[in-house]
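*Asks:* In the working numbering, the protein residues as written are 464 to 907.
Cβ coordinates follow ideal geometry from the N, Cα and C atoms, glycine included.
One structure, pasted below without further comment.
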Ligand code: PLZ
């Protein structure tokens, strides 16, 4: 069998066995025996190749990918520029440790991040491996800069699975339950969740959140306010207009570092290079990962130079952070986004998908809300009103999987079906995926 992924893979849905097929079932038995059971599986088909808009499994099935490995392969799997850059770099050198003997790739990624992120001021960057590691480092940097300790996050937030980021993540199961004690000095305030709190006035919602922070934490103690511009794992919740700008203004007036966690929203995913741009919000620090390097492990903190330079020399780092192969991939990702107009592509995907989802909602009152931006879209499913319907969500996802459409769920109440197609998804597969969703809703 050839394992050549990338966009040259036939761009078709092809289901030749039950899902999962016999080869996948056999591999899954080995996985169950060999891999710690704490690592779950959404869809147990074992992958041999992926690219464009499809994922191909060991049984020869070709599935339509509405997941992008959780918003990572935004430019596509094994995207040509990424594959070429990684191949070249892996043959040149694989690692030296940037803290020992540095290399240009890291510097170029930092320069690119400083250029691409919102804000016309002097910026600096530092690179790590995972989203959680970068979030932790943003907090470290904000604490050094402000000489304060407290961190505020919001309801429904997701920031990772390490000790500090577990404390920052809202949802207990499966992320936190039994894994405490958690890091201290992390406080939770209200998010803006228009479908549930009924408040479409983001300024008023922000004032409530700020009031909670002032009463329960105090700006004098607060180093950083950390928030996702669209709450990701928490349910693809877009805050009411005005919420984020009001919070950032308060942070600025009160010596609090405003940190945007753009791990899931970043790199063209939402129809802007970074989602904070939709409301003209300029964060002090911005955390990126996932889509930054097309699947190679890389993350970053980028922000105002004076904040980024607060930690002492040697205070930030790690063995692998900004690994040369991941940096080569990131530079190829950025080139691909810019050369192929992928920000515009994300907007076109939004238009196609939202139109179809609205048509589905008109026929099905269980689709309570349609939301998101660009190619980061979701439907929140209810029994009636706003009562969560996690059973329907599971059933729809499972039925879609059976038909060869990879979809993911999310949400505090487990009732959100989310769509994260790679921006390399061809239109005919995007529409075929939507056809499957429509038929699945009709029969679920
Ligand atoms: N911040 C906004 O979305 C990762 C988690 C999947 P890492 N989201 C997917 C899972 O179940 O573990 C994420 C995120 C936001 C931080 C993170 C953490 O990024 O690269 O997984 O550490």
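Am I right that residue 699 and residue 562 are in contact with their C-beta atoms under 8 Å? What's the rounded C-beta distance?
*Replies:* No, residue 699 and residue 562 are not in contact; Cβ-Cβ is about 37 Å, not under 8 Å.
*Asks:* Around the C-beta of residue 597, are 16 or more other C-beta atoms found within 10 angstroms, so that it is buried, or is it exposed?
*Replies:* With 16 or more other Cβ atoms within 10 Å, it is buried.
*Asks:* Report all residues from its chain with a CB closer than 6 Å to the CB of residue 593; omit the five preceding and five following residues, and keep chain order.
*Replies:* Excluding sequence neighbours, residue 593 sits near 762.
*Asks:* Where does residue 464 fall in DSSP's three states?
*Replies:* With a pLDDT of only 39 at residue 464, under the threshold of 50, the placement of this residue in the model should not be trusted; the figure read from the coordinates follows. In this structure, residue 464 counts as coil in the three-state DSSP scheme.
*Asks:* How would you label residue 902, buried or exposed, when you count the other beta carbons within 10 angstroms and need 16 or more for buried?
*Replies:* Looking at its Cβ environment, which holds fewer than 16 other Cβ atoms inside 10 Å, residue 902 is exposed.
*Asks:* If you count every other CB in all the chains shown that lies within 10 Å of the CB of residue 894, and 16 or more means buried, which is it?
*Replies:* It counts as exposed.
*Asks:* Using a threshold of 7 Å, is the CB atom of residue 475 nearer than that to any non-hydrogen atom of the ligand PLZ?
*Replies:* Incorrect: residue 475 has no Cβ contact closer than 7 Å to the ligand PLZ.
*Asks:* For residue 788 and residue 648, I'd like the C-alpha separation in whole angstroms.
*Replies:* Computed Cα separation, rounded: 36 Å.
*Asks:* What do you reckon, are the CB atoms on residue 687 and residue 720 nearer than 8 Å?
*Replies:* In this structure, residue 720 lies closer than 8 Å to residue 687 by Cβ.
*Asks:* Looking at the secondary structure, which residues open and close the alpha helix (DSSP H) in which residue 761 lies?
*Replies:* Where residue 761 is concerned, there is no enclosing alpha helix (DSSP H), given that its DSSP letter is neither H nor E.
*Asks:* In the DSSP assignment, what residue or residues form a beta bridge with residue 621?
*Replies:* None, per the DSSP bridge assignment.
*Asks:* Got a sec? Which residues, its chain only, sit under 7 Å from residue 887 by beta carbon, not counting five neighbours each side?
*Replies:* Answer for residue 887: 470, 515, 516, 538, 539 and 542, listed in chain order.
*Asks:* Taking the beta strand (DSSP E) that residue 651 falls in, what are its first and last residues?
*Replies:* First-last of the beta strand (DSSP E) with residue 651: 649-652.
*Asks:* Taking only three categories from DSSP, how would you classify residue 839?
*Replies:* In this structure, residue 839 counts as strand in the three-state DSSP scheme.
*Asks:* Ignore the nearest five residues each way along the sequence and tell me which others in residue 683's own chain have a CB closer than 6 Å to its CB.
*Replies:* Result list for residue 683: empty, nothing under 6 Å.
*Asks:* Within the same chain, show all residues whose beta-carbon is closer than 7 Å to that of residue 692, passing over the 5 residues directly before and after it, in chain order.
*Replies:* Answer for residue 692: 707, 723, 725, 728, 738 and 739, listed in chain order.
*Asks:* Quick check on this structure: which residue in 805, 746 and 806 has the alpha carbon closest to the alpha carbon of residue 690?
*Replies:* The residue with the shortest Cα to Cα distance from residue 690 is 746.
*Asks:* Under 6 Å, CB to any heavy atom of the ligand PLZ. Which residues pass, going along the chain?
*Replies:* For the ligand PLZ, the selected residues are 533, 593, 594, 595, 598, 621, 622, 623, 624, 691, 695, 696, 724, 726, 727 and 752.
*Asks:* Look at the Cβ atom of residue 792, then the Cβ atom of residue 548, and state whether they are nearer than 8 Å.
*Replies:* Yes; because the gap between Cβ atoms is below 8 Å, this pair is in contact.
*Asks:* Helix, strand or coil for residue 482, going by three-state DSSP, please let me know.
*Replies:* Note: residue 482 maps to coil in three-state DSSP.
*Asks:* State the start and end residues of the unbroken beta strand (DSSP E) segment that holds residue 735.
*Replies:* That residue, residue 735, is in no beta strand (DSSP E); it is neither H nor E in DSSP.
*Asks:* Alpha carbon to alpha carbon, how far is residue 758 from residue 558? Give it in angstroms, no decimals.
*Replies:* Cα-Cα distance, rounded: 18 Å.
*Asks:* Cα-Cα, which of 879, 734, 866 and 660 is closest to residue 885?
*Replies:* The option with the nearest alpha carbon to residue 885 is 734.
*Asks:* On the DSSP bridge list, what partners appear for residue 833?
*Replies:* Its beta-bridge partners are 842.
*Asks:* Pick out the complete alpha helix (DSSP H) segments inside the stretch 648-729, 4 residues or longer, and give them in chain order.
*Replies:* Entirely contained in the stretch 648-729, the alpha helix (DSSP H) runs reaching 4 residues are, in chain order, 657-660, 665-679 and 706-716.
*Asks:* Got a sec, what are the start and stop residues for the beta strand (DSSP E) residue 854 sits in?
*Replies:* It is not in any beta strand (DSSP E) - residue 854 instead sits in the alpha helix (DSSP H) that spans 853-865.
*Asks:* Taking the alpha-carbon positions, what's the residue 532 to residue 864 distance?
*Replies:* Rounded to the nearest angstrom, the two C-alpha atoms are 15 Å apart.
*Asks:* I'd like to know if the stretch 766-780 and the stretch 577-590 are in contact, where contact means that at least 3 CB-CB pairs between them fall below 8 Å.
*Replies:* Enough Cβ pairs lie closer than 8 Å, so yes.
*Asks:* With DSSP as the reference, label residue 896 as helix, strand or coil.
*Replies:* The answer is helix: DSSP assigns residue 896 an H, G or I state.
*Asks:* Quick one, are the C-beta atoms of residue 805 and residue 770 less than 8 Å apart?
*Replies:* Contact: no.
*Asks:* Within 10 Å of its beta-carbon, does residue 672 have 16 or more other beta-carbons around it, so buried, or fewer, so exposed?
*Replies:* Buried.
*Asks:* Under the three-state reduction of DSSP, which class applies to residue 880: helix, strand or coil?
*Replies:* Strand, per DSSP.
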